[in-house]
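Comments concern the structure below.
Protein chains in written order, with the working numbering: chain A, 1 to 140; chain B, 1 to 140.
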């Protein structure tokens, strides 16, 4: 196993929301009251069994517009600290641009999950949904 | 954009720990007191700037041994519920086998991060490290 090994991730769905540009996007889910739809592709329907309105889910996104070759950024709150390693931040810019958000499920309609807490632009690919450990789904 | 779009993830490092088989691995990080080393590859050293002992980090792993074609599993605690969709669980088996753990940084030695909370087998590839939103790193 070497640093040049690669893995292939395939989207299980896509976000639909009113945020069309990065400038409009809340800096993270804990600051967002945006609602939107997680469209899950038909091949993955079975994986949603047991998902219900009222649960909190952890959602992984592939930030398809993020720059991947940046290793240091200015933290958004305190620029006086200077450049910080991306691995100490939640910056979307990182070698593997995977975002992790905790979203509240408002409604489940077949392959469409209505959620609140959206901090992604419309069209962002979804890689995974998990039980949240912090709140939400019962232990499984 | 279609369901057949794919993305390429490249490991930024690898876990080293005493857990050699899946049977030995704690079911998740909140139940683990295992310590281990996150070896970060030299190309990513700059991204660690600001990372310190005492911080809690969110670490994303690619579960290279996980089955990817399973969409329902028996939840480990309550089998009486029957098969549940993988997207309502933390099962390692899922279409994109990416795990998310919160680990405590015990020491930083150049490219080696000593951590506790390991719930991965030795040799598991690391995809990303982020500031934890639940605890740990100061806001950035």
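From the three backbone atoms N, C-alpha and C, an ideal C-beta is built for every residue, glycine too.
Given residue i, which residues of its chain have a CB within under 6 angstroms of its CB, disregarding the five upstream and five downstream residues?
{"i": "residue 95(A)", "result": "68"}
{"i": "residue 110(B)", "result": "none"}
{"i": "residue 1(A)", "result": "With a pLDDT of 49 at residue 1(A), under the threshold of 50, the modelled position of that residue is not reliable, and no figure is offered here."}
Can you find a C-beta in chain A that's less than 8 angstroms from the C-beta of residue i?
{"i": "residue 128(B)", "result": "yes"}
{"i": "residue 87(B)", "result": "yes"}
{"i": "residue 1(B)", "result": "Below a pLDDT of 50, predicted positions are generally treated as unreliable, and residue 1(B), at 49, falls in that range; the measurement from the model is reported next regardless. For residue 1(B), the answer is yes, since a Cβ of chain A falls inside 8 angstroms of its Cβ."}
Please identify the residue among the options whose C-alpha is closest to the C-alpha of residue i.
{"i": "residue 10(A)", "options": "39(A), 18(A), 62(A)", "result": "62(A)"}
{"i": "residue 18(B)", "options": "119(B), 113(B), 129(B)", "result": "119(B)"}
{"i": "residue 75(B)", "options": "99(B), 100(B), 6(B), 93(B)", "result": "93(B)"}
{"i": "residue 130(B)", "options": "88(A), 13(A), 5(A)", "result": "88(A)"}
{"i": "residue 42(B)", "options": "112(B), 132(B), 57(B), 22(B)", "result": "112(B)"}
{"i": "residue 13(A)", "options": "44(A), 27(A), 22(A), 30(A)", "result": "44(A)"}
{"i": "residue 48(B)", "options": "6(A), 106(A), 85(A), 103(A)", "result": "85(A)"}
{"i": "residue 90(A)", "options": "124(A), 26(A), 122(A)", "result": "26(A)"}
{"i": "residue 53(B)", "options": "80(B), 108(B), 122(B)", "result": "108(B)"}
Hey, does residue i have any beta-carbon neighbour from chain B nearer than 8 angstroms?
{"i": "residue 72(A)", "result": "yes"}
{"i": "residue 53(A)", "result": "no"}
{"i": "residue 125(A)", "result": "yes"}
{"i": "residue 117(A)", "result": "no"}
{"i": "residue 56(A)", "result": "no"}
Leaving out the 5 sequence neighbours to the left and right, which residues in its chain are closer than 7 angstroms to residue i when beta-carbon positions are compared?
{"i": "residue 46(A)", "result": "none"}
{"i": "residue 139(A)", "result": "For residue 139(A), the pLDDT reaches just 38, beneath the cut-off of 50, and the residue's location in the model is therefore unreliable, leaving the point undetermined."}
{"i": "residue 104(B)", "result": "56, 115, 116, 117"}
Kindly give me the distance between the Cβ atoms of residue i and residue j, rounded to whole angstroms, as I take these residues to be in contact under 8 angstroms.
{"i": "residue 60(A)", "j": "residue 98(B)", "result": "6 angstroms"}
{"i": "residue 40(B)", "j": "residue 16(B)", "result": "The Cβ separation is near 11 angstroms, so there is no contact."}
Along the chain, where does the beta strand (DSSP E) that runs through residue i open and close?
{"i": "residue 125(B)", "result": "125-131"}
{"i": "residue 107(B)", "result": "98-109"}
{"i": "residue 9(A)", "result": "7-9"}
{"i": "residue 61(B)", "result": "56-62"}
{"i": "residue 114(A)", "result": "112-116"}
{"i": "residue 143(A)", "result": "The shown model of chain A, from 1 to 140, leaves out residue 143(A), and the question about it has no answer."}
{"i": "residue 13(A)", "result": "13-16"}
So, for residue i: in the same chain, excluding its five sequence neighbours on each side, which residues have a beta-carbon less than 8 angstroms away from its beta-carbon?
{"i": "residue 133(A)", "result": "58"}
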